[in-house]
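In the numbering used here, the protein residues as written are 42 to 461.
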């Protein structure tokens, strides 16, 4: 979904839509010419309002539209399909069912490394590897070199494994097309793209899709992280309390490999027989305190606990590793969820707890907070909060921040949110 705007706004327009909720926004708030509209950018939530206002849409229906548009983008870009493909492929590998060609690509390195490691562990035995394992690095070979290696037959083994790391750097990779069109059953060929994907319009990609397995490893969105963390621990035979998952997500960010490393460390630290990870386990093993986290800051805002919110903001702002853009993004996601929650309650006041939690992508454990947040920030106040967050998103990326530090900007933002 793309909309192009030629309108240019030099400075942020100071008119606040919440002051005249039923009037259209007089200006677009996106800076620059011919900007593209993408719902994942905070300022574009306001564009949706502008568009709807000019269509005469009732203000009370804005939240439903916003929820649909942003959810559609997240669903299109999320990792749901990546996980499904990963689970299917890993099951086949463990069962000894190998495809002739694997294309592992995408921005998220975690899934690529996991499948690559599983193939290394399962295709050959240690004794078979001496004569039947070939590992190339893309910059050192051509497509013809790979095709020649893959066309050989295994020695004293059922199959051979040919792996190409950083395959995006292979010269004349299209020379591999004739081999992929008719691959040997005795060769397992693995192409690993690092940090990018193969052009899906190419004949080579289309042929691999027909003859082998393609895993496009997409990054996990921040709102998905707690669920992903719970799923990760579940796959290891453990459970994790929702607040603990949220805290680990905040500490690790969207680095799945980092989460896996920290998760392994946490599991090893548990006393024998305990299968549940708690908040204190996260605090003790990864060096983050729940009391002073963005997770607790959003909760303090939901409850309009000014003293606690300022205390947490001051602590975060003075932390050596504090990143304002990440904090602003977390605040946006929080208020976006509140907005979705209010839209759901308007559409279906009798929605079950499970439906409400599923709609906004949280564990039912946190529903009480969102009930409070919806009362603290009803629709117009919630949109006012998003407008404030948009401004500080701009400032956090170098715009109109003046001499203020990141910590001072966070304190300003918290003050303005509480004043709404």
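Beta carbons are placed, not taken as given, at the ideal position from N, Cα and C, and that holds for glycine.
Measuring C-alpha to C-alpha distances from residue 305 to each of 447, 359 and 274 identifies 274 as the nearest. With a threshold of 16 other beta carbon atoms within 10 Å, residue 178 falls short and is exposed. Between residue 151 and residue 130, the gap from beta carbon to beta carbon reaches 9 Å or more. A distance below 8 Å between beta-carbons, with the five flanking residues on each side excluded, links residue 339 to the following residues of its chain, in chain order: 371, 372 and 375.
For residue 239, the three-state secondary structure derived from DSSP is coil.
With a beta-carbon spacing of about 6 Å, residue 147 and residue 259 fall inside the 8 Å limit used to define contacts. Taking the Cα positions, residue 266 is about 15 Å away from residue 276. For residue 383, the secondary structure class from DSSP, reduced to helix, strand or coil, is helix. Under the three-state reduction of DSSP, residue 146 is assigned to strand. Within the same chain, 142, 245, 248, 249 and 252 come within 7 Å of residue 221 by CB-CB distance, once the 5 residues on both sides are set aside. Per the DSSP secondary-structure output, residue 212 pairs in a beta bridge with 183.
For the beta strand (DSSP E) assignment, the uninterrupted runs of no fewer than 3 residues enclosed by the stretch 243-304 are, from N- to C-terminal side, 254-257.
Residue pairing by DSSP places residue 228 opposite 201 in a beta bridge. Counting the other CB atoms within 10 Å of its CB gives residue 184 a total of 16 or more, which places it among the buried residues.
Within the DSSP bridge table, the entry for residue 206 names 178 as partners. Across the structure, residue 410 and residue 270 are spaced so that their CA atoms are roughly 21 Å apart. In this structure, the alpha-carbon of residue 182 lies about 9 Å from that of residue 205. In this model, residue 344 and residue 364 are separated by some 24 Å (Cα to Cα).
DSSP places residue 312 in the coil class of the three-state scheme, outside both helix and strand. The C-beta distance from residue 459 to residue 350 rounds to 6 Å, short enough to fall under 8 Å. Around the beta carbon of residue 155, 16 or more other beta carbons sit within 10 angstroms, so the residue counts as buried.
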